[in-house]
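These protein sequence lines are chains A and B, in that order. Heads up: take any position in the first sequence, counting from 1, add 181, and you land on the working numbering. Heads up: take any position in the second sequence, counting from 1, add 145, and you land on the working numbering. Just so you know, even glycine gets a beta-carbon here, dropped at the ideal spot from N, CA and C. Only one structure is covered here, and it is reproduced in the block below.
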Amino acid sequence: MEPTVEVQGLVKRYGPLAAVDGIDLKLRAGEVFAFLGPNGAGKTTTVEVLEGIRPRSAGKVRVLGHDPWTERAKLQRRVGVIPQDFSFFDKITPTEAIQFYARLFDKRPDPVSLLREVELEEKADDQFEKLSGGQKQKLGLALALVNDPEVLFLDEPTTGLDPQARRTVWTVIRSLRKGGRTIFLTTHYLEEAQSLADRVAIIDHGKIIAHGTPGEIIERFGRPQRLVLEGPPSLAKALEGWWRRPVSLVNGRTEVEVQAKEEILEVLQWVSASGLAWSGVGTTRDTLEDVFVRLVGRIDEGGSRASEPGTDAKGGRT
Amino acid sequence: MRPSRVAAYLLVFARTYLRSRVGLFFSLIFPIILILLFGSIFSNTGSSSSPVYVQNLDGTSVASQMFLTSLNATGAVSVHMVSSSVGNLSTWLVSKGYTAGIVLPAGFQASFAAHRPVKVIVYTDPAQPSTAGIVQGAVGYAVTSMNYAQSGQAPVVGTMELNVGSTTYQYIDYLVPGLIGFSILTSPMFSMTNIAAQYKKQKLFRQLSLTPLTRGEWLAASVLWYLVLVFASTVVMLAVGRGLFGATATPTLLTIPFLIFGPMLFVSLGLLLGTFSKTPESASVVGNLVTFPMMFLSGTFFPVSLFPDYLQAVAHVLPLYYVIDGLNNTMVFQNTTGALTDLLVVVGLAVLLFLAAIRAFRWQEE
Ligand SMILES: Nc1ncnc2c1ncn2[C@@H]1O[C@H](COP(=O)(O)OP(=O)(O)OP(=O)(O)O)[C@@H](O)[C@H]1O
Ligand SMILES: [Mg+2]
């Protein structure tokens with residue numbers, strides 16, 4: 182089957198800067214694809230080229246078999262978009278906005294149920310300028326759904342949303358996926374990508390540095406499984422001197438890399454025999470976030486990491 | 146061009162306009178303030194007809210009474226009698242700050258009866274051309290009718306003469322088309338320059354470009370909204386001008402195309418200016434630079450015919466001149482040929498600028 186979105190050798194230059202520097206992408210019909218990368222990596226630029234609102238410098242791009250720049254009119258009705266910094270007419274209410282879009286697209290959606298779906302029904306009749314940042318974002322999502330699109334480009338749809346609202350957006354995305362829509366998503370929330378996306382790609386400095394399912398990426402770029410011991414820093418020191426694989430101190434816990442079950446036992450026996458104080462024990466694996474931070478964060482191996490699990494990776498690099 | 150999409154955006158635009166109120170003030174309320182202001186300051190009709198101070202040195206003679214009756218009958222001036230004891234009328238007028246006076250000389254009756262030429266002295270202030278013109282016109286009428294009475298004929302010709310003379314048009318007659326022109330110019334220009342830059346900054350063009358709405362539909366809807374505003378403003382101007390100040394301006398069928406192509410011209414021009422500006426701030430500067438001189442030099446507040454020659458030459462290259470001249474030709478002078486020439490210029494420019502605006506402005510980015 183023909184891919185829903187196909188990108189080959191896409192380049193986008195702003196003067197001397199190659200914001201997107203020769204990337205290839207393929208989205209299959211019905212999948213959720215998450216596009217990750219630090220600030221300024223080229224995500225929005227790529228998405229805007231795919232949406233047909235920015236010309237490209239080089240490369241081949243097809244969305245539903247059409248060139249989005251030259252055949253934009255053919256795609257508009259089949260594509261839904263939330264731009265990164267979505268904004269709308271200040272004096273228009275969400276209900277009016279949906280009616281406006283409905284007339285433009287010649288569709289008959291029910292504004293009430295659409296607004297309920299994105300949990301904005303309380304603000305249905307407030308002017309746009311009076312909505313909070315997250316509420317504005319929700320209107321953006323509702324508008325992207327008006328034309329019942331086959332493909333959705335969502336550029337950071339959950340940035341700035343409270344945890345409850347993010348889950349609402351996730352629910353919408355999951356139900357869209359169930360309905361057979363293809364979704365191209367950018368996000369800085371790695372756990373969001375991990376839990377929503379069928380496949381992800383990580384872009385940095387305009388180049389794709391990793392792609393695949395979240396599992397594949399973790400497998401390929403993540404560190405091996407680690408044994409986590411709670412104990413004093415001296416424990417880490419002692420283990421570091423003895424153990425043949427990397428040992429690190431992360432947030433006051435000692436992490437010991439192990440490759441097989443047997444190695445776990447080996448370490449525990451040694452610790453127990455050493456008489457050093459230790460309390461809890463567990464194991465940990467890299468999350469997508471860990472891999473992401475290691476790939477784009479330029480953090481030296483084995484040293485202490487800058488990022489806490491679960492925090493926003495946005496701004497994690499200068 | 147799909148009417149339903151034009152209507153959809155028209156609704157959004159109208160709501161935005163009506164809810165922000167500032168725009169509404171400038172397009173509807175402000176011109177009313179202007180007509181009230183300029184109308185009261187300069188108007189010479191009705192109760193505020195030009196005062197003229199008459200010193201009658203011929204006692205209560207029949208001839209002088211006849212003259213004053215004729216003068217009163219013009220309705221263009223209000224006669225105030227001045228005692229002969231004030232001495233030289235000219236000096237007295239200056240001391241009082243009055244601008245028009247008449248002296249009926251002693252022996253007026255006697256000369257009149259004897260068919261001897263006699264001169265009525267008329268003082269006017271050249272700095273007040275419209276008052277001067279009105280007073281001279283009224284005196285001319287009175288003099289003519291007396292001459293006809295002398296020769297035993299009815300003063301029909303005298304009346305005619307007064308009505309075709311240029312002085313019969315009151316300031317307010319020019320002011321009504323002028324201020325309609327003001328509305329046609331200012332509301333589209335100020336808001337379109339701003340919108341072009343503001344929508345770009347707020348990424349609203351990007352948002353619209355993601356829908357089937359075309360740029361032509363978008364621009365057409367904007368033009369339509371200003372048509373509505375200009376028609377509303379025209380109705381109000383005519384009502385106030387005619388009702389309060391006795392203006393004679395009467396719209397004809399030929400007035401309508403000016404009210405359509407005028408806004409189209411300035412919506413397009415405003416959009417073009419805004420498109421070439423990088424920021425909303427520079428857009429408003431450019432908008433003001435173009436709008437204000439055009440406003441003052443095209444006959445908005447004063448007829449262009451009163452301007453010195455070199456300013457008249459400037460006026461003839463301003464699009465608004467042809468709008469206002471056309472409105473005057475249709476509503477005041479009933480000059481169809483002149484109006485059609487003006488219309489040709491306005492329609493040509495409007496179509497040209499509309500097409501140029503659609504071509505020039507993009508809603509995608511680079
Ligand atoms: N209009 C523009 N003109 C010039 N340079 C631009 C323009 N837009 C983006 N860039 C540059 O292109 C690069 C990629 O920007 P882009 O917006 O695609 O990043 P992003 O991955 O979406 O970042 P973020 O996570 O912050 O949204 C950046 O270095 C940015 O400075
Ligand atoms: Mg971005």
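Residue i burial status per 10 Å Cβ neighbour count (16 or more: buried)
| i | result |
| --- | --- |
| residue 311/B | Residue placement at residue 311/B is poorly supported in this model, since its pLDDT is 38, which falls under 50; the coordinates still yield a value, given next. Exposed: under 16 other Cβ atoms inside 10 Å. |
| residue 193/A | buried |
| residue 423/A | exposed |
| residue 203/B | buried |
| residue 323/A | buried |
| residue 165/B | exposed |
| residue 471/B | buried |
| residue 170/B | exposed |
| residue 186/B | exposed |
| residue 497/B | exposed |
| residue 462/B | exposed |
| residue 277/A | buried |
| residue 325/A | buried |
| residue 396/A | exposed |
| residue 275/A | buried |
| residue 467/B | buried |
| residue 435/A | buried |
| residue 404/A | buried |
| residue 119/B | Only positions 146 to 511 of chain B appear in the structure, and residue 119/B is not among them; the question remains open. |
| residue 385/A | buried |
Nearest candidate by alpha-carbon position, reference residue i, set the options
| i | options | result |
| --- | --- | --- |
| residue 394/A | 414/A, 284/A, 371/A and 415/A | 371/A |
| residue 392/A | 300/A, 311/A, 294/A and 206/A | 206/A |
| residue 368/A | 470/A, 300/A and 269/A | 470/A |
| residue 126/A | 235/A, 199/A, 186/A and 270/A | As shown, chain A starts at 182 and ends at 499. That puts residue 126/A outside it, with no answer to give. |
| residue 394/B | 434/B, 221/B, 346/B and 322/B | 322/B |
| residue 375/B | 413/B, 366/B, 330/B and 386/B | 330/B |
| residue 382/A | 237/A, 476/A and 317/A | 476/A |
| residue 238/A | 373/A, 197/A and 272/A | 197/A |
| residue 147/B | 357/B, 498/B and 423/B | 357/B |
| residue 206/B | 253/B, 182/B and 460/B | 253/B |
| residue 267/A | 450/A, 244/A, 330/A and 320/A | 320/A |
| residue 156/B | 316/B, 347/B and 366/B | 366/B |
| residue 458/A | 411/A, 262/A and 445/A | 411/A |
| residue 212/A | 364/A, 478/A, 419/A and 435/A | 364/A |
| residue 362/A | 335/A, 292/A and 344/A | 335/A |
| residue 255/B | 478/B, 295/B and 217/B | 295/B |
| residue 258/B | 404/B, 332/B, 209/B and 183/B | 209/B |
| residue 460/A | 263/A, 413/A and 300/A | 413/A |
| residue 306/A | 286/A, 373/A and 272/A | 272/A |
| residue 510/B | 474/B, 184/B, 344/B and 174/B | 344/B |
| residue 350/B | 344/A, 269/A and 240/A | 269/A |
Within chain B, partners of residue i - CB distance below 8 Å
| i | result |
| --- | --- |
| residue 268/A | 347, 348, 349 and 352 |
| residue 258/A | 357 |
| residue 281/A | 153, 154, 156 and 157 |
Within chain A, the residues that residue i reaches when beta carbons sit closer than 8 Å
| i | result |
| --- | --- |
| residue 149/B | 284 and 287 |
Nearest-angstrom beta carbon gap, residue j and residue i [assumed within contact, 8 Å]
| i | j | result |
| --- | --- | --- |
| residue 151/B | residue 362/B | 5 Å |
| residue 401/A | residue 438/A | Between residue 438/A and residue 401/A the Cβ distance is about 16 Å, and since that is not below 8 Å, they are no contact. |
| residue 224/B | residue 213/B | 6 Å |
| residue 469/B | residue 386/B | That belief does not hold up - the Cβ atoms of residue 469/B and residue 386/B are roughly 14 Å apart, past 8 Å. |
| residue 195/B | residue 279/B | 5 Å |
| residue 337/B | residue 436/B | Incorrect: roughly 11 Å between the Cβ atoms, too far for contact. |
| residue 488/B | residue 402/B | 6 Å |
Partners in chain B for residue i, counting only beta-carbon separations shorter than 9 Å
| i | result |
| --- | --- |
| residue 249/A | Chain B residues near residue 249/A: none, gap ~11 Å exceeds 9 Å. |
| residue 264/A | 348, 351, 352 and 355 |
| residue 277/A | 156, 157 and 160 |
Chain A residues whose Cβ lies nearer than 7 Å to that of residue i
| i | result |
| --- | --- |
| residue 165/B | 272 |
| residue 426/B | Those within 7 Å of residue 426/B in chain A number zero; the least Cβ separation is about 18 Å. |
| residue 509/B | 234 and 235 |
Pick out the complete beta strand (DSSP E) segments inside the segment 349-413 of chain B, 3 residues or longer, and give them in chain order.
none
Within the segment 152-201 of chain B, ranges of the alpha helix (DSSP H) (whole runs, at least 4 residues)
175-187
Which complete beta strand (DSSP E) runs does the segment 225-298 of chain A hold, if anything under 3 residues is left out?
Listed in chain order, the beta strand (DSSP E) runs fully inside the segment 225-298 of chain A are 239-244 and 260-263, counting runs of at least 3 residues.
Within 9 Å of chain E by C-beta, residues of the segment 217-251 of chain A in sequence order:
Absent here is chain E; the protein component of the structure consists of chains A and B.
To test your reading of the DSSP string, which unbroken alpha helix (DSSP H) runs of 4 or more residues are found completely within the segment 410-448 of chain B?
425-442
Can you check the segment 395-429 of chain A for any alpha helix (DSSP H) of at least 4 residues that lies completely inside it and give the ranges in chain order?
Qualifying alpha helix (DSSP H) stretches, in chain order: 395-402 and 414-423.
Whole runs of the beta strand (DSSP E) within the segment 223-292 of chain B, excluding any shorter than 3 residues
245-249 and 266-269
Which full runs of the beta strand (DSSP E) of 3+ residues lie inside the segment 421-472 of chain A, going along the chain?
428-431, 434-438 and 462-465
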